[in-house]
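Visitor: Plus 2 on top of the position in the sequence shown (first one is 1) and you've got the working numbering.
Please see the structure below; I have some questions.
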Amino acid sequence: MASICSPPKLVLATRNTHKAAELKLLLASASADVIDLSAFPDAPSVDETASSLEKNAALKALSAHEHTGLWALGDDTGLCIDALNGQPGVRSARFAGMNTDDTTNRALVLRMLANETNRSAQFITILALAYPDGLEYFEGCLHGHIATSTMSTRGFGYESIFVPEGFNISLAQLSREEKNRISHRGLSAAKLLNFLNEIQA
Numbered sequence: 003m004a005s006i007c008s009p010p011k012l013v014l015a016t017r018n019t020h021k022a023a024e025l026k027l028l029l030a031s032a033s034a035d036v037i038d039l040s041a042f043p044d045a046p047s048v049d050e051t052a053s054s055l056e057k058n059a060a061l062k063a064l065s066a067h068e069h070t071g072l073w074a075l076g077d078d079t080g081l082c083i084d085a086l087n088g089q090p091g092v093r094s095a096r097f098a099g100m101n102t103d104d105t106t107n108r109a110l111v112l113r114m115l116a117n118e119t120n121r122s123a124q125f126i127t128i129l130a131l132a133y134p135d136g137l138e139y140f141e142g143c144l145h146g147h148i149a150t151s152t153m154s155t156r157g158f159g160y161e162s163i164f165v166p167e168g169f170n171i172s173l174a175q176l177s178r179e180e181k182n183r184i185s186h187r188g189l190s191a192a193k194l195l196n197f198l199n200e201i202q203a
């Protein structure tokens, strides 16, 4: 375990406003001041070209850490569908192509599963923390299934077609509190908070 104190600032290696807002809320109890790359307009963009969620998260964290000198948190999230052999997985954000949007990605998934009875899926988030002692990873996984159609206009990504295990509504339809309690990103953030609390103690 690292023998250094938690950072006064923690930079989120993202310019995605939805993702940054959610992570800031999840990390509200951290002792660090949580900011994102909007505070560093000259920070380089990182191509998510790695073959795994872990490697993509690390690429982003290390780039932000090197540019800002701050502790940096990179994340990558994938929707892994059993009937599609784990797809879209690491390609979740660009499943339908490089310049497509969430609506197009969701529509492709629904078409591919149109005649499929096994609709089991998992959302997986990997958080990578780049700090002076190296890299730490924190994983969160949420099990559920893919609905037969879009269930909400709320949420982002695949949330409006993903029904968490034990629920009959989509992830997008849950209250913010309930979503943060059970979600893949919430679970990984809780592990990160435990790590920060331990090294501070």
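We put the CB at the ideal spot given by N, CA and C, even for glycine.
Our contact map puts Ile-171 next to Ala-59 with C-beta atoms below 8 Å; I'd like the distance itself, whole angstroms only.
Guide: Between Ala-59 and Ile-171 the Cβ distance is about 29 Å, and since that is not below 8 Å, they are no contact.
Visitor: Three-state secondary structure (DSSP) at Ser-151?
Guide: Correct three-state label for Ser-151: coil.
Visitor: Buried or exposed: Arg-187, going by 16 or more other Cβ atoms within 10 Å of its Cβ?
Guide: So Arg-187 ends up on the buried side.
Visitor: Cα-Cα, which of Pro-166, Met-153, Ala-123, Asn-182 is closest to Thr-105?
Guide: Thr-105 has its Cα closest to that of Met-153, out of Pro-166, Met-153, Ala-123, Asn-182.
Visitor: Between which two residues does the beta strand (DSSP E) carrying Phe-164 extend?
Guide: Taken as a continuous stretch (DSSP letters only), the beta strand (DSSP E) holding Phe-164 covers 164-166.
Visitor: Given Gly-99, which residues of its chain have a CB within under 8 Å of its CB, disregarding the five upstream and five downstream residues?
Guide: Excluding sequence neighbours, Gly-99 sits near Thr-106.
Visitor: Indicate whether Tyr-139 and Glu-56 have their beta-carbon atoms separated by less than 9 Å.
Guide: It is a contact, given that the beta carbons lie within the stated cut-off.
Visitor: Determine the contact status of Cys-143 and Leu-189, defining contact as a CB-CB distance below 9 Å.
Guide: Closer than 9 Å, so yes.
Visitor: Quick check: what's the CA-CA separation for Asp-135 versus Asp-77?
Guide: Each residue's alpha carbon lies about 18 Å from the other.
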